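J.: One structure coming up, written as structure tokens, with questions to follow.
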Amino acid sequence: MSPEQEYAKTWSDLSKAAIDESVQQMRRFSRLPDVMDKAKNVRKGASKSEVVHQDGRVKLLHYHSDKPPKYRQPLLFVFALVNRPYILDLLPGKSVVEHFVKAGFDTYLIDWGKPTHADRNESLDTYVNGYIPRIVNHLEHRCGVDQVNILGYCMGGTLSSMYAALHPKQVRNLILLAAGIDFSTREGLLNIWADEDNFDVDGFVDAFGNCPAEYLQWSFLMLKPVQNLMQKPISFLERIEDDKFVNEYLTMETWLNDNIAVPGEIYREFVKYLYQQNQLTRGELTIRGKRIDLKQIICPVLNLMARRDDLVPCSQSEPFNDLVGSNDRKTIKLDAGHIGLAVGSRAQRDLWPEAVKWLAERTDI
Amino acid sequence: MKDTTATDGPAAKLFNDSAEAFTKMWSDFATKAASNGFTLPQNQSPADAAKQMRDTFFAAWSDACERYMRSSEFQQMMRDTMKMAIEMRQQMNQQMGEMQHAMQGATRQDMDHLMRSVENLDGRFAETYEQLVDCLEAVSTRLDDLERHDHKHKMPKAGASAKQKSSPKQRTKKKPL
């Protein structure tokens, strides 16, 4: 082929590709009204559940199962105070809850509700010595047991570890999922931004009351601005004709944008005592005069973390197993992100069946 | 790269530093994107090649952003923005409070004060309650000791009837939280 012919062929290929892409793009844009309609009707939570206990705005959900529970000790999910807990039960086939319910665990989840300005004084004490113990007591009476299994996700994992250290006899097994424990790491941007020199948390909480949901959302978005604000919308547009993908995307986006404020006092304590002073790892954190000593945790511990977690890097979760007093400790690292650890397909295929097996081996039948 | 026409005040210095860091981020990004991604592979369709270029472009941009957000200039900018936001919010709270008080209404600060009082009261109740529980546990332990002591010194016949009574474990209630 002569250079002129080659040039003409390349030019014609490029023109054809440009026309094809334009047509495809128009077809994709024509789907947008449909997608907008679907976005309005996204279902929150996949499995059937009912509220079995209520403590102010805090609700305890019980997940239904077709068969009676196989295991004696119930499993309690403790979610973070940021965002809503239905990420743990996002869609059929992408639900952490579903794995445990199907395996025969009597499964419960704490829904912290939406705090208002009246809740701004809720502190670590309110949760670790208030809501969580009251819910555990309720579960013990309801199920006729004296211990429960706890699975804490992210900030909920940190709270669960504090609870387990203060009330070790109540916890049968403890599973932590991307939980921040050692905040001395400088791997994550959040750790740098929350430094004492950079962030006047006292001034912030005194002025704003609760930590606003929008502030948290922007902080999380800015951890990966190019991926979150550019790549994600573009890849969504490219796959807009794939109904399964659109459904999953919309469900995930609904959850990501379903932000709630964090009660001011606990936000202050979390940033000041954990992010800035790392008191939990150093054994200096006290709640209502009682020191939190992680060595008091003697139950079996399963520590799950994600290698690509930009919110809670592995270096923040990993030291937990060396700080507890338990002899039965296990760590599983998955090649996923913070959310992928719960809902990602690799987590669904490899991580959760293994976690279910681990818990089943350590729970009475 | 520094702006020699700017004044030497702290605000101008901050502006210069931030601008310099931001410019560096863009130049790093452009260099990386140009050196890595903009070569068209032979056996790829134009659409695939464009996608590959785009991915390289975004990866380079993302790296540059990450470095910029870790820089001291960005952190200084963040500190200043936060300080300004807190001051604005405090001013707004104060003005709204004055307005509410002028209209004889309760302000957010009044509500906070009330909530703190209720919480102090709640804390005091909880402390007293815990002390009571501790006392009861001490009494219960002493009763158990007495019962055991009594049990040792009684005749086997009487011991059998004592067995029918509630065991110490059954009587000791779980410590409320």
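First to last, the sequence lines map onto chains A and B.
Counting in my numbering, the first sequence runs from 1 upward without gaps.
Counting in my numbering, the second sequence runs from 366 upward without gaps.
Just so you know, even glycine gets a beta-carbon here, dropped at the ideal spot from N, CA and C.
Nothing here was measured: the structure is a model prediction, and the numbers come from that model.
1) Taking contact to mean 3 or more Cβ pairs, one atom from each stretch, closer than 8 angstroms, check whether the segment 351–358 of chain A and the segment 89–105 of chain A are in contact.
2) Would the beta-carbon of Val51/A fall within 8 angstroms of that of Lys44/A?
3) Starting from Asn149/A, trace the beta strand (DSSP E) both ways and give me its first and last residue.
4) Along the chain, where does the alpha helix (DSSP H) containing Ala450/B start, and where does it finish?
5) Among Pro313/A, Leu280/A and Asn321/A, whose alpha-carbon lies nearest the alpha-carbon of Ile298/A?
6) Alpha carbon to alpha carbon, what distance is there between Ala491/B and Ala425/B?
7) Using a Cβ cut-off of 8 angstroms (strictly closer), state whether Arg454/B contacts chain A.
8) Run through DSSP, which three-state label would Val312/A get?
9) Does chain B have any CB closer than 8 angstroms to the CB of Lys224/A?
10) Does the pairing of the segment 170–178 of chain A with the segment 139–151 of chain A give three or more beta-carbon distances under 8 angstroms?
11) With the cut-off set at 8 angstroms, would you say Ile260/A and Pro115/A are in Cβ contact?
12) Determine whether the Cβ of Glu196/A lies closer than 8 angstroms to any Cβ atom of chain B.
13) Rounded to whole angstroms, what is the Cα-Cα separation between Glu269/A and Gln276/A?
14) So which residues on chain C does Cys430/B lean against when the C-beta distance must stay under 7 angstroms?
15) Which bits of chain B does Trp193/A rub up against, with CB to CB less than 9 angstroms?
16) Does the Cβ of Arg57/A have 16 or more other Cβ atoms within 10 Å, making it buried, or fewer, making it exposed?
17) When the Cα atoms are used, what is the spatial distance from Leu542/B to Leu32/A?
18) Flag this pair as yes or no: are the beta carbons of Trp255/A and Ile87/A separated by less than 8 angstroms?
19) 8 angstroms is my cut-off, CB to CB: does Met447/B come that close to chain A?
20) Can you pull the chain A neighbours of Glu484/B, defined as C-beta to C-beta under 8 angstroms?
21) Going by other Cβ atoms of all chains shown within 10 Å of its Cβ, with 16 needed for buried, is Ser392/B buried or exposed?
22) Let's see if you can read the secondary structure: which residues bound the alpha helix (DSSP H) around Val42/A?
23) Let me confirm a value: Met457/B is counted as buried when at least 16 other C-beta atoms fall within 10 Å, else exposed. Which label applies?
24) Where Asp106/A and Ile332/A are concerned, what is the direct C-alpha to C-alpha distance, given to the nearest angstrom?
25) Quick one: using the 10 Å Cβ neighbour count with 16 as the cut-off for buried, is Asn257/A buried or exposed?
26) Indicate the three-state DSSP secondary structure (helix, strand or coil) for Cys299/A in the structure shown.
27) Within 10 Å of its beta-carbon, does Ala471/B have 16 or more other beta-carbons around it, so buried, or fewer, so exposed?
28) Determine, for His117/A, whether the minimum Cβ-Cβ distance to residues of chain B falls below 8 angstroms.
T.: On the basis of the supplied data:
1) Yes: the two stretches touch, three or more of their Cβ pairs being nearer than 8 angstroms.
2) Taking a C-beta distance under 8 angstroms as the contact criterion, Val51/A and Lys44/A do not qualify as a contact pair.
3) Counting along the chain, the beta strand (DSSP E) containing Asn149/A begins and ends at Val148 to Tyr153.
4) Element bounds for Ala450/B: Ser437 to Ala467.
5) Nearest C-alpha to Ile298/A: Asn321/A.
6) Between Ala425/B and Ala491/B, the C-alpha separation is close to 56 angstroms.
7) Using beta-carbon distances, Arg454/B counts as an interface residue toward chain A, with a partner under 8 angstroms.
8) Coil at Val312/A, not helix or strand.
9) Cβ-Cβ to chain B under 8 angstroms: yes for Lys224/A.
10) Cβ pair count under 8 angstroms is three or more, so yes.
11) Yes. Within cutoff.
12) Answer no: the Cβ-Cβ gap between Glu196/A and chain B never drops below 8 angstroms.
13) Taking the CA atoms as reference points, Glu269/A sits about 10 angstroms from Gln276/A.
14) Any reference to chain C falls outside this structure, whose protein chains are A and B.
15) Residues of chain B whose Cβ lies closer than 9 angstroms to the Cβ of Trp193/A are, in chain order, Met434, Gln440 and Met443.
16) By the neighbour-count rule (16 or more Cβ atoms within 10 Å), Arg57/A is not buried but exposed.
17) For Leu542/B, the pLDDT reaches just 46, beneath the cut-off of 50, and the residue's location in the model is therefore unreliable, although a value from the coordinates is still provided. For Leu542/B and Leu32/A, the distance between alpha carbons rounds to 53 angstroms.
18) Taking 8 angstroms as the Cβ cut-off, Trp255/A and Ile87/A qualify as a contacting pair.
19) Against chain A, the CB of Met447/B has a partner CB under 8 angstroms away; the residue lies at that interface.
20) Among the residues of chain A, those whose CB is under 8 angstroms from the CB of Glu484/B are Asn121, following chain order.
21) By the neighbour-count criterion, in which a residue is buried when 16 or more other Cβ atoms sit within 10 angstroms of its Cβ, Ser392/B is exposed.
22) Element bounds for Val42/A: n/a, residue is neither H nor E.
23) Exposed: under 16 other Cβ atoms inside 10 Å.
24) Roughly 24 angstroms between the two C-alpha positions.
25) Counting the other Cβ atoms within 10 Å of the Cβ of Asn257/A gives fewer than 16, which makes it exposed.
26) If DSSP states are grouped into helix, strand and coil, Cys299/A belongs with coil.
27) Around the beta-carbon of Ala471/B, fewer than 16 other beta-carbon atoms lie within 10 Å, marking it exposed.
28) Chain B, which has a Cβ nearer than 8 angstroms to the Cβ of His117/A, makes this yes.
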